[in-house]
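Quick note on the working numbering: the sequence shown kicks off at 225 and runs consecutively.
All C-beta atoms in this analysis are idealised placements derived from N, C-alpha and C, irrespective of residue type, glycine included.
Before any comments, here is the structure.
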Amino acid sequence: RKYSFKSGVNIMFGCNNFCSYCIVPYVRGRERSRESAEIIKEIENLVKDGVVEIMLLGQNVNSYNFEGVDFPDLIERVAQVSPKLRVRFATSHPKDLSDELIIEKYREIIDLKTKDVIGNGADFSMSHVKIWMSTIKKY
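Now the structure itself:
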């Protein structure tokens, strides 16, 4: 590892997109996701070693899926490893971007902003964000 405070963790290998300009599916093969428990264990060991920033890596991380655990679920599980852990990811393909990923990725930002806008004691939850997202889709 080049830096003591950050590390990359491969969560999947290969790609299923076969873009006309890309050689990855031919060289690395079809998508294969790693087991989520194995990923979490690797991250826990890195955190014990002083890592505070994790970069989840794969050719198309948005399409991560291992035995029903999809990418937003994985991000949520990784975030539970340590409250101080910064979670980043690369690379993502726009066609696999989901509302769940957007909501999971920006949950903390949305919570902080809505508390500022709505004020203390307001009844606001992530279900409101999901309603907002479905409204946006209509337009």
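Burial state of residue i (16 or more Cβ within 10 Å)
i      : result
Gly292 : exposed
Tyr245 : exposed
Lys339 : The predicted position of Lys339 is uncertain, since its pLDDT is 43 and thus under 50; a value taken from the coordinates is nonetheless stated next. Exposed, by the Cβ-count rule.
Gln283 : buried
Residue i in three-state terms, based on DSSP
i      : result
Asp335 : The predicted position of Asp335 is uncertain, since its pLDDT is 49 and thus under 50; no value can be drawn from it.
Val251 : helix
Asp273 : coil
Phe242 : coil
Leu321 : coil
Lys265 : helix
Span of the alpha helix (DSSP H), counted from its first residue to its last, around residue i
i      : result
Phe229 : Careful: Phe229 lies outside any alpha helix (DSSP H) and carries neither H nor E.
DSSP bridge partner residues for residue i (one or two, in chain order)
i      : result
Phe313 : Leu280
Val302 : In DSSP, Val302 forms no bridge with anything.
Arg256 : Phe237
Val293 : Phe290
(request) Taking 8 Å as the threshold, find out whether the stretch 267 to 286 comes into contact with the stretch 225 to 234 through three or more Cβ pairs. (result) yes
(request) Would you check if the stretch 259 to 269 and the stretch 296 to 305 touch, i.e. whether three or more CB-CB distances between them fall below 8 Å? (result) yes
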